[in-house]
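Residue numbers (the working numbering), protein chains in the order written: chain A, 11 to 347; chain B, 11 to 347.
To start, the structure itself, in structure tokens.
Laid out in structure tokens, this is it:
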């Protein structure tokens, strides 16, 4: 057990998170979510400890996207069952406002049916009420770091159509798009280049029969032989969360993409770049394009951000202070991430 | 004819735009699009002249949104034919990357078939290559002001699903969503609150029969008896751009919403607020939330912006200068809108 928070020990909390202790994980995520100044300092201390002891390519961060109603949550629940059978620990960050996970107890109930209520190997966190819909909130990236430290697999569930912000395809190792049978919009979005080509595409509800098969074939045609990550040919799979078919194969394919990234030594580099983009985005939100220009411009800044070895929040704070100027004691220079 | 641009006369250009002269309209839109400093000053002068002579509630600004493939462009073309028969002048700003208008000659060809090639009453401008997809580019608002000065109706065509930026529903008087028969995604997006409720909803391709009727009924159910603008009950219409059915009724409904806005004296106020939001957004992009805080915070700033009587670019420039500080001669304080 961790000690009570009265005497906060960031190193101890980081160690407990890495051991996958649920109370520690909950405490850490709450801390990252707490915007009071004292908590922000504690969060910075904690994240420094966590990042120091964590290899840059641990775990597998998977994004599940797709329109509401396609069954992302059911499919995630079915995948979790498979992963648990394989002995993997799973974290879920749900950021889809229409998701039964974020929306309430629905997936929680479904999960409880399938996995034991005291299964320490599954941890679910909803971010439903953060910020505006769709665009991933600023907390998602640091929270995913915490979940990666505690789990083998982390799933981020979101809508993911037409987002311009840090979207899921710019923060996950593997993006999986869940399509709804009979819905032409996904095909059209793909064709129009509005939907970024995912790493894995799956048509859910294959138990619907002909309409699911037609969507499968339309998506295959729309994609052609699309490649991402150099030579990864995007597979189009078929599954049914409710019937439980195709889920093992989907889990295998997701793992295969993760392995391909790791084998080609791309994973560590990709995460560094995503981290740099998160920092850039935070600074842009607070200081605009003028602020980014003052820090040397976007390409230069991204290069600097990817090279530095400070922890996430320290790096953010150092750059904030450069923009806020030398007036170290004024009211604007409090930690604000 | 306007005089050649060598001796630029902003008042003359504004007058020629208001008379609906095509070369003047083209010149004005090019000017707003030109990021060189000399052009920016000319654009500011021109827009001041234009705004000074233009009532705040002239014309009708209509947004056509919907997924790619739903037939927004064909429906727009069919509407234009109806409007031209009614003697109305029409401007089109196309910002959908998948649109045949932005994409090239397709709608241009279709339009040429239906309207005379030397019909001065239709003016089309594509913004396909501005900025990132979907999110309306910064130029759309000033360009729509220019088009409103020259036309009775201005159509902005965009994808409009899941955009967080100044989206079309925050700049048009009337938003019309074009749905694709058989596509459940639109229904799901509406239900999930991801798609903002439009003022008018139309299912295109009613010639597809049963599948179009089912979508019509699903959308009706998803909307319930949704209201916008206080007591405007959102109508769900059916049309076919190719068969030419339902287009007159759609034109009537759009006009009815415009009339309701004008009758309730909301139009002028709404445009002032949209203008203020455009300014806020521009300042946010350049100076971030920190800059907005320095100008007094968003609610206060929006109030100020809606009250002032400077022209659009002058107001923008005055606020930029306040944020850039007193160093009036330095390299950062050039006009930059």
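Glycine included, every Cβ here is placed at the ideal spot set by N, Cα and C.
Please read all numbers here as calculations on a predicted model, not as lab measurements.
Within 8 Å, strictly: CB atoms of residue i and residue j
i	j	result
residue 162(B)	residue 32(B)	no
residue 182(B)	residue 90(B)	no
residue 81(B)	residue 215(B)	yes
residue 132(A)	residue 105(A)	no
residue 211(B)	residue 257(B)	no
residue 295(A)	residue 298(B)	yes
residue 221(B)	residue 240(B)	no
residue 97(B)	residue 190(B)	no
residue 34(B)	residue 59(B)	no
residue 228(A)	residue 207(A)	no
residue 149(A)	residue 41(A)	no
residue 350(B)	residue 61(B)	For chain B, the structure presents residues 11 to 347; residue 350(B) sits outside this window and is missing.
residue 284(A)	residue 135(A)	no
residue 84(B)	residue 251(B)	yes
residue 249(B)	residue 282(B)	no
Helix, strand or coil at residue i according to DSSP, with G and I counted as helix
i	result
residue 70(A)	strand
residue 235(B)	coil
residue 75(A)	strand
residue 211(A)	strand
residue 243(B)	strand
residue 25(B)	helix
residue 184(B)	strand
residue 189(A)	strand
residue 206(B)	coil
residue 225(B)	helix
residue 120(A)	Low confidence applies to residue 120(A): its pLDDT is 46, below 50, so where it sits in the model is not reliable, and the reading given next is rough at best. The answer is helix: DSSP assigns residue 120(A) an H, G or I state.
C-alpha gap between residue i and residue j, whole angstroms
i	j	result
residue 262(A)	residue 219(B)	42 Å
residue 369(A)	residue 39(A)	Because chain A in this structure spans residues 11 to 347, residue 369(A) falls outside the shown range and cannot be described.
residue 330(B)	residue 300(B)	13 Å
residue 259(B)	residue 86(B)	14 Å
residue 17(A)	residue 199(B)	47 Å
residue 66(B)	residue 322(B)	12 Å
residue 25(A)	residue 36(A)	14 Å
residue 267(B)	residue 286(A)	47 Å
residue 293(B)	residue 302(B)	7 Å
residue 237(A)	residue 244(A)	6 Å
residue 314(B)	residue 51(A)	36 Å
residue 57(B)	residue 158(B)	13 Å
residue 242(A)	residue 319(A)	31 Å
residue 255(B)	residue 46(B)	47 Å
residue 185(A)	residue 277(A)	14 Å
residue 311(B)	residue 290(B)	8 Å
Endpoints, alpha helix (DSSP H) assigned at residue i
i	result
residue 301(B)	276–304
residue 137(B)	Taken as a continuous stretch (DSSP letters only), residue 137(B) belongs to no alpha helix (DSSP H), as it is neither H nor E.
residue 104(A)	Segment 100–104 is the beta strand (DSSP E) holding residue 104(A); no alpha helix (DSSP H) there.
residue 90(B)	82–95
residue 329(B)	322–334
residue 253(B)	Premise fails: residue 253(B) is in no alpha helix (DSSP H) and is neither H nor E.
residue 31(A)	That residue, residue 31(A), is in no alpha helix (DSSP H); it is neither H nor E in DSSP.
residue 318(B)	No alpha helix (DSSP H) holds residue 318(B); DSSP gives it neither H nor E.
Minimum Cβ-Cβ distance from residue i to chain A less than 8 Å
i	result
residue 22(B)	no
residue 208(B)	no
residue 323(B)	no
residue 245(B)	no
residue 112(B)	With a pLDDT of only 43 at residue 112(B), under the threshold of 50, the placement of this residue in the model should not be trusted; the figure read from the coordinates follows. Output row for residue 112(B): interface = no.
residue 297(B)	yes
residue 309(B)	no
residue 193(B)	yes
residue 10(B)	The structure shown does not extend to residue 10(B), since chain B is modelled only from 11 through 347, so no value can be given for it.
residue 331(B)	no
residue 33(B)	no
Segment limits, beta strand (DSSP E) that includes residue i
i	result
residue 56(A)	Premise fails: residue 56(A) lies in the alpha helix (DSSP H), 47–62, not in any beta strand (DSSP E).
residue 149(A)	Looking at the DSSP string, residue 149(A) is not in any beta strand (DSSP E), and its letter there is neither H nor E.
residue 17(A)	Segment: none, residue 17(A) is in no beta strand (DSSP E) and carries neither H nor E.
residue 167(B)	163–167
beta-carbon residue i near the ligand GDP non-hydrogen atom, thresh 7 Å
i	result
residue 186(A)	This structure does not include the ligand GDP; it has no bound ligands of any sort.
CB contact check: residue i to chain B, cutoff 8 Å
i	result
residue 131(A)	no
residue 152(A)	no
residue 65(A)	no
residue 294(A)	yes
residue 301(A)	yes
residue 81(A)	no
residue 198(A)	yes
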